[in-house]
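In this note's numbering, the protein residues as written are 86 to 261. The block underneath contains the structure these notes are about, expressed in structure tokens.
Right, here's the structure in full:
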């Protein structure tokens, strides 16, 4: 498994967010944002982290303490139920090395340690084999396809993957 560490999102992570603001990494979210939008997203990550409603992390690998990507999860409602949604991105220069699956596995472990118990969903586009592979490698199970609104009026045709933080029936942590 690739050696990764997750560092909670901090004031110092604005540059990482700017580096992630590329057409390739932002294609599922409607494309790159303006610098003002990137700053607003950074402030939102900080605020939601303080409030406990979201947990974003800088993905760190040996020799890259500045981070090579972002992973996180946040509260949302899906099909009338409260769930957690996960998302991630890894910079192009660091892809194909197992960083994303390792980071998502570590994120799920962190969520369990924090005592989070809601199911964690991920919604990669059906035509995104790399992100669907991350879900599979990280221990998510495929629920099926869904039309998923990522922003008002912006709908993606996505796969709905879910990872349980507790085992069914006994409340004990699930394994991934």
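We put the CB at the ideal spot given by N, CA and C, even for glycine.
Open item on the list: Would you call the region 89 to 96 in contact with the region 131 to 145, where contact means no fewer than 3 C-beta pairs closer than 8 angstroms?
Closed with: yes
Task: residue 228 classed as buried or exposed, judged by whether at least 16 other C-beta atoms fall within 10 angstroms - done: Numbered from its first residue, the chain shown carries residue 228 at position 143. Per the 10 Å Cβ criterion, exposed.
Open item on the list: I'd like to confirm the pairing. Which residues does DSSP put opposite residue 158 in its beta bridges?
Closed with: Here residue 158 is taken as the residue at index 73 of the chain shown, counted from 1. BP columns for residue 158 point to 140 and 171.
Task: Minimum length 4: unbroken alpha helix (DSSP H) runs contained in the region 173 to 256 - done: 184 to 199 and 214 to 222
TODO: Check each candidate in 225, 102 and 216 and name the one with the smallest Cα separation from residue 154.
DONE: As a position in the chain shown, residue 154 is number 69, starting the count at 1. Cα-wise, what sits closest to residue 154 is 102.
- [ ] Count the C-beta pairs between the region 183 to 193 and the region 152 to 172 that are closer than 8 angstroms, then say yes if the count reaches three, no if not.
- [x] yes
TODO: Name the residue from 177, 163 and 204 whose alpha carbon lies nearest to the alpha carbon of residue 104.
DONE: What you label residue 104 is simply residue 19 of the chain shown in a count that begins at 1. Considering only alpha carbons, the answer is 177.
Task: Collapsed DSSP secondary structure at residue 105 in the structure displayed - done: Here residue 105 is taken as the residue at index 20 of the chain shown, counted from 1. Coil.
Task: Residues sharing a beta bridge with residue 163, DSSP - done: Reading the chain shown from its first residue, position 78 is the one you call residue 163. BP columns for residue 163 point to 166.
Task: Beta-bridge partners of residue 145, as assigned by DSSP - done: By 1-based counting over the chain shown, the position of residue 145 is 60. For residue 145, which the question treats as bridged, DSSP gives the partners 90.
- [ ] Kindly indicate which three-state DSSP category residue 128 falls into: helix, strand or coil?
- [x] Along the chain shown, read from residue 1 onward, the residue named residue 128 stands at position 43. In this structure, residue 128 counts as helix in the three-state DSSP scheme.
Task: Cα-Cα separation between residue 164 and residue 237, rounded to whole angstroms - done: Locating residue 164 in the chain shown gives position 79, counting from the first residue. Locating residue 237 in the chain shown gives position 152, counting from the first residue. So the two alpha carbons sit approximately 16 angstroms from each other.
Open item on the list: Only counting the same chain, and skipping five residues up and downstream in sequence, which positions put a Cβ closer than 6 angstroms to that of residue 119?
Closed with: Within the chain shown, the letter at position 34 stands for residue 119. If we look at residue 119 and ignore the five residues flanking it on each side, it has no Cβ neighbours.
Open item on the list: Which of the three DSSP states is assigned to residue 122 in this structure?
Closed with: In the chain shown, the residue the question calls residue 122 occupies position 37. Helix, per DSSP.
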